[in-house]
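Chains as they are written, first to last, in the numbering used here: chain A, 28 to 580; chain B, 3 to 222.
Read the structure below first, then the notes.
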Amino acid sequence: MSRPMVTYKTSDEVDFVIVGSGAAGGVLAKELSTNGFRVVVLEQGEYLREKDFTHDETKIFVQSLLTNKVNTHPITFRKSPDETARKQQAVLYGSCVGGSSVHFTANFWRFHEIDFKEHSKVGDIPGANFADWPISYADLEPYYTKVEWEVGVSGLAGSSPFDPPRSKPYPMPPLPVKGNGVVFERGCRKLGYHPYPAPMAILSKPRAGRAACMNCGFCLGFGCEVGAKSTSLSSVIPMAEKTGRCEIRPNCYVSRIETDKNGRAIGAVYFDPQRNSQLQKAKAVILAANGAETPRLLLLSASNQFPAGLANSSGYVGRNFMPNSSALAFGVFGEQLNDYKGPAVSRIMHDFYELDPKLGLYGGGGLDARFDFTPISFALNGLPPDTPKWGAGFKQALAHNFTRTMQIFCHGTSLPVESNSFSLDPDVKDAWGLPALRMTFRDHPNDLKMMEWMRARAMEILDAAGAKTKWSFPVQEQQFAVHLLGTCRMGGDSKKSVINSDHRTHDVKNLFLCDGSSLVTSGRGQPTMTIQALAYRAADRITALAKRGEISA
Amino acid sequence: MKSFDSARREFLHLLGGTAGAAWLTANWPALVSAAEHAHQAAKSEHPALEVFTADQAREVEALAACIIPSGETAGAREAGVVYFIDRALKTFFSEALPVYQNGLEAVQKTTAELFPGVPRFSAATEEQKRKVFSHIVEDSERPESGARRLSPGASPDFFQTLRVHTIFGFLVDPEGGGNRDFVGWKAIGRDPSHGFSAPFGFYDKDYPGWQPVSGETEKK
Numbered sequence: 028m029s030r031p032m033v034t035y036k037t038s039d040e041v042d043f044v045i046v047g048s049g050a051a052g053g054v055l056a057k058e059l060s061t062n063g064f065r066v067v068v069l070e071q072g073e074y075l076r077e078k079d080f081t082h083d084e085t086k087i088f089v090q091s092l093l094t095n096k097v098n099t100h101p102i103t104f105r106k107s108p109d110e111t112a113r114k115q116q117a118v119l120y121g122s123c124v125g126g127s128s129v130h131f132t133a134n135f136w137r138f139h140e141i142d143f144k145e146h147s148k149v150g151d152i153p154g155a156n157f158a159d160w161p162i163s164y165a166d167l168e169p170y171y172t173k174v175e176w177e178v179g180v181s182g183l184a185g186s187s188p189f190d191p192p193r194s195k196p197y198p199m200p201p202l203p204v205k206g207n208g209v210v211f212e213r214g215c216r217k218l219g220y221h222p223y224p225a226p227m228a229i230l231s232k233p234r235a236g237r238a239a240c241m242n243c244g245f246c247l248g249f250g251c252e253v254g255a256k257s258t259s260l261s262s263v264i265p266m267a268e269k270t271g272r273c274e275i276r277p278n279c280y281v282s283r284i285e286t287d288k289n290g291r292a293i294g295a296v297y298f299d300p301q302r303n304s305q306l307q308k309a310k311a312v313i314l315a316a317n318g319a320e321t322p323r324l325l326l327l328s329a330s331n332q333f334p335a336g337l338a339n340s341s342g343y344v345g346r347n348f349m350p351n352s353s354a355l356a357f358g359v360f361g362e363q364l365n366d367y368k369g370p371a372v373s374r375i376m377h378d379f380y381e382l383d384p385k386l387g388l389y390g391g392g393g394l395d396a397r398f399d400f401t402p403i404s405f406a407l408n409g410l411p412p413d414t415p416k417w418g419a420g421f422k423q424a425l426a427h428n429f430t431r432t433m434q435i436f437c438h439g440t441s442l443p444v445e446s447n448s449f450s451l452d453p454d455v456k457d458a459w460g461l462p463a464l465r466m467t468f469r470d471h472p473n474d475l476k477m478m479e480w481m482r483a484r485a486m487e488i489l490d491a492a493g494a495k496t497k498w499s500f501p502v503q504e505q506q507f508a509v510h511l512l513g514t515c516r517m518g519g520d521s522k523k524s525v526i527n528s529d530h531r532t533h534d535v536k537n538l539f540l541c542d543g544s545s546l547v548t549s550g551r552g553q554p555t556m557t558i559q560a561l562a563y564r565a566a567d568r569i570t571a572l573a574k575r576g577e578i579s580a
Numbered sequence: 003m004k005s006f007d008s009a010r011r012e013f014l015h016l017l018g019g020t021a022g023a024a025w026l027t028a029n030w031p032a033l034v035s036a037a038e039h040a041h042q043a044a045k046s047e048h049p050a051l052e053v054f055t056a057d058q059a060r061e062v063e064a065l066a067a068c069i070i071p072s073g074e075t076a077g078a079r080e081a082g083v084v085y086f087i088d089r090a091l092k093t094f095f096s097e098a099l100p101v102y103q104n105g106l107e108a109v110q111k112t113t114a115e116l117f118p119g120v121p122r123f124s125a126a127t128e129e130q131k132r133k134v135f136s137h138i139v140e141d142s143e144r145p146e147s148g149a150r151r152l153s154p155g156a157s158p159d160f161f162q163t164l165r166v167h168t169i170f171g172f173l174v175d176p177e178g179g180g181n182r183d184f185v186g187w188k189a190i191g192r193d194p195s196h197g198f199s200a201p202f203g204f205y206d207k208d209y210p211g212w213q214p215v216s217g218e219t220e221k222k
């Protein structure tokens, strides 16, 4: 497919350089270029197209075709700040044009009103650095609607009594129900809960020149070869390029944000594909590199003027990391579900979104019925724990269970804990000689307790649904994250946050941050919808500032 | 079961039913090309070995068949797992090559120790193979400290490595070089078609459509 592509010289001072082309970066690129600005998007990964996508799991899971590569970008992990971190793949994120939106499952829940003001409602929580957002659900609602209509979300408005208010229905009906959705619905209703069609960022009908989902079943981890998954790559990036003002520049690894003597950002320094260092000049810089790489880049940009890292006068850059909590239960049914067909999820339930305080638990969560296995991952991880590992018994179990198994995934809150963080590893370097990303994380005890409570509910639902066999595993401390939230939080107090409600850093007037790092609370487990709504809102705010002349020197 | 070509035709038909002609014109040739490539990779029954010798390949094939045996449905042997592993050791699993070299030696030693008259693992009876393989598995699961190794010299990773690679070779999309003619998918009940339409299975075929819970429209 031919697309007009403008190219800029690095010496051209464009209006905005955006680091990252994922859920937020793609939206910002589209909005700002549509609003008349000249934009360069720097993306560390490749520019893959639908034709490059594959169902070959060796390319996806072994060779990391779409995701960060730890052989060149090592990551270290430790549980607490007094430990020495060790090399470990603790973080997985998209590394291609479209970012993590390319390989995600496409669950697209809005946050609820409570997520923005929960601190005011429940007060301080020991061990947590808990705060309200400086914006409300009502501020974000028009942008949630914009995501649904422009990026493309399928769903059924009014089907959950717990849903927050909305100004418009979904643009498309829900995706087809799956066997797991039918039995989940049956189990939930027996227990008095309210299951409903899952809102998914996958097209149930052809729309805007894109094909509808063909139910191939290769969603989680894979790129969609027909463009039905509503990724930045399939939706907003083509719109940005079509303006003739936006250049997507792949294979460019940003190493620092350069500032001048007045403390203003002048552009992004990056390694080009030949590993030559380049400076793309810009009037303003927007980091949308995800909740791990955005804080890392700010810390890498330390200078005499900003010794603790750029935009880090609060010390909050990289802190308060929230990955969401989770638990999983498995069930095997008597007849064939054939859940390998279709998107992973078709029914969810939000009855536990705000748990009764009498339970002694903070926060809450949502449950979905899913089957997110591929044939290989099912054989490795989808069978009951007592199944033989080899031989006729193993093969027989595979043949019987593959078409009859489903999961209930419990997603929930992560409380912000200040020491949970991303920082620079003092010892390990990446292939370009830059300090590696270091993750420090230990779940808040409440989150583990809450997930145990939710896991028990999931097992009850499987019973009520008629599962012949069911199992799950005790909730454990997490050492691996894909939701990268809260690490440059938004707030009104410059001593306790990194950006204001316009996504502008408190310290650098022409530096903006917008991705998972902006979130103040973690919601209940599905952050991408909110990240994109924030990006649409941020683009409006940044456009207004630029048009009033409040960004340029 | 459907042939690959008929599966591809169904895929085309399915897309035709849901997508606009412009989209198909723009994208279909690339999809056909990818599918053809997969087909070529899947239909070559005896690709050239690049890492294993013929003797080693025979032993690895016999070992993989212990993990996923042949029977009423195809097993690791029919799926061409050994050729997948050979190619993987040349490329993306190359760091595992020493595990195989040590593991094969250990298997040979264990076979000779348990069944002195049997020249090699692959020549053993099925019952003998299961006994030798059980020792390899036990060795893999045994804590390293202080335990007497039943298969001296075997890497504790050998069984786990072989198991993971066998599963990959049996169940990978044929584009990845295993699962020849989709026999692995067929053995676990996965229709090799590239796309599907609802209803998908037993439970959703008579689903009447989503209805709100009666009397609970304003729960909040």
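Backbone N, C-alpha and C define an ideal beta-carbon position, used for all residues, glycine too.
Chain-order list of residues whose beta-carbon lies under 8 Å from that of residue i (same chain, five-residue window excluded)
i      : result
V139/B : F161
D42/A  : L59, F64, R65, V66, A309, K310, A311, A573
R272/A : V33, S60, G63, F64, R65, V66
Check whether residue i and residue j have beta carbons under 8 Å apart
i      : j      : result
S328/A : M478/A : no
G191/B : F86/B  : no
V359/A : N428/A : yes
H438/A : N351/A : yes
L355/A : T430/A : no
N242/A : G369/A : yes
M199/A : R237/A : no
M466/A : A117/A : yes
V547/A : Y205/B : no
F80/A  : E252/A : yes
G391/A : T440/A : yes
Chain A residues whose Cβ lies nearer than 7 Å to that of residue i
i      : result
V185/B : Correct list: empty, because the minimum Cβ distance to chain A is about 12 Å.
H174/B : The displayed chain sequence assigns Val, not His, to residue 174/B. Simply D83, E84, T85, I403.
Y209/B : V204, V209
G105/B : Under the 7 Å cutoff, chain A gives no residues; its nearest Cβ is about 14 Å from G105/B.
D206/B : V204, K205, G206, V209
I87/B  : Here the premise fails: no neighbours, minimum Cβ distance about 11 Å.
Cutoff 7 Å; reference residue i; Cβ partners in own chain excluding five residues on either side
i      : result
Q559/A : A50, A51, V54, V174, V178
I70/B  : G77, A78, T168, F172
E487/A : L218
A494/A : G358, V359, F360
A43/B  : A caution first: A43/B carries a pLDDT of 45, below 50, which makes its placement in the model too unreliable to give a value.
Q505/A : P350, F468, D470
Cβ-Cβ separation, residue j to residue i (assumed contact under 8 Å), whole Å
i      : j      : result
P265/A : V124/A : 11 Å between Cβ atoms; not a contact.
A158/A : K522/A : With a Cβ gap of about 12 Å, A158/A and K522/A do not count as contacting.
T286/A : I293/A : 6 Å
D378/A : F189/A : 7 Å
V180/A : A239/A : Between A239/A and V180/A the Cβ distance is about 13 Å, and since that is not below 8 Å, they are no contact.
Chain-ordered chain B contacts of residue i [CB-CB under 7 Å]
i      : result
N527/A : Neighbours of N527/A on chain B: none; closest Cβ ~32 Å, over 7 Å.
R216/A : V215
A406/A : I169, L173
Residue i: CB within 7 Å of a non-hydrogen atom of the ligand SAM
i      : result
N365/A : Absence of the ligand SAM from the depicted structure is noted, as is the absence of any ligand whatsoever, leaving it without description.
Residue i: contacting residues in chain B (beta-carbon distance under 8 Å)
i      : result
N242/A : G197, F198, S199, A200, F202
Q307/A : In chain order: nothing, as chain B lies at least about 31 Å away.
G369/A : F198, A200, F202
Outcome for residue i when other beta-carbon atoms lying within 10 angstroms are tallied against a minimum of 16
i      : result
G576/A : exposed
N581/A : What is shown of chain A runs 28 to 580, which leaves residue 581/A out entirely.
T27/B  : Note that T27/B scores a pLDDT of 32, beneath 50, so its modelled location is shaky and nothing firm can be said.
N181/B : buried
H48/B  : exposed
Partners in chain B for residue i, counting only beta-carbon separations shorter than 9 Å
i      : result
P224/A : W212
9 Å Cβ cut-off: residues of chain A touching residue i
i      : result
A189/B : K422, L425, A426
Cβ-based neighbour list, residue i, same chain, cut-off 6 Å, excluding 5 preceding and 5 following
i      : result
S446/A : P108
G72/A  : S122, C123
V174/B : G180, N181
Partners in chain A for residue i, counting only beta-carbon separations shorter than 8 Å
i      : result
R165/B : K416, W417
Q) Taking a cut of 8 Å between CB atoms, which residues from the region 416–447 of chain A lie near chain E? A) Going by chain labels, chain E is absent from the structure shown, which instead holds the protein chains A and B.
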